[in-house]
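**Student:** According to my numbering, the residues represented by the sequence shown are 4 to 81, in order. Submitted below is the structure of interest, expressed as structure tokens.
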Amino acid sequence: MRYLRDSDQQALRLAGDLDKAIRQWLAQRGVDGSWTISPYVDPAGHPAVLVKMDAHAAGAMAAGLNELHGHGAPRVLP
4 MRYLRDSDQQ ALRLAGDLDK AIRQWLAQRG VDGSWTISPY VDPAGHPAVL VKMDAHAAGA
64 MAAGLNELHG HGAPRVLP
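Here is the structure:
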């Protein structure tokens, strides 16, 4: 049986935690979007994730982050 390395397990945990956080954040704002989070281990051996989002979810997150940092909302493409 093959076991996952610690870095693989950390990447999986990170992806799960990020997915949950994004789902909750978007739901609290009434945003219906789609996204995919892919865990991986980078060439240096560090856990990492790739995030792919549709324009609706990405625009809402960009606006929220800009608001958090006191910047104006970015223009969202139709």
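Glycine included, every Cβ here is placed at the ideal spot set by N, Cα and C. This structure is a prediction, so every number in the text was calculated from the model and none was measured.
At which residues does the alpha helix (DSSP H) containing L29 begin and terminate?
**Tutor:** 9-31
**Student:** Is the separation between the beta-carbon of V52 and that of A18 shorter than 9 Å?
**Tutor:** For V52 and A18, yes; Cβs fall inside 9 Å.
**Student:** Counting C-beta neighbours from all protein chains within 10 Å, is the total for A14 16 or more, i.e. buried, or is it exposed?
**Tutor:** Counting of Cβ neighbours within 10 angstroms places A14 among the buried residues, the total reaching 16 or more.
**Student:** Just the C-alpha distance for A22 and G62, rounded to the nearest angstrom, thanks.
**Tutor:** The question names Ala, but residue 22 is Asp in the sequence shown. C-alpha separation (whole angstroms): 17 Å.
**Student:** In angstroms with no decimal places, state the Cα-to-Cα distance between D35 and W28.
**Tutor:** 11 Å
**Student:** Measuring only the C-alpha atoms, how far is A24 from H59?
**Tutor:** 17 Å
**Student:** Given that a residue counts as buried once 16 or more other Cβ atoms are within 10 Å of its Cβ, and exposed if not, what is P42?
**Tutor:** buried
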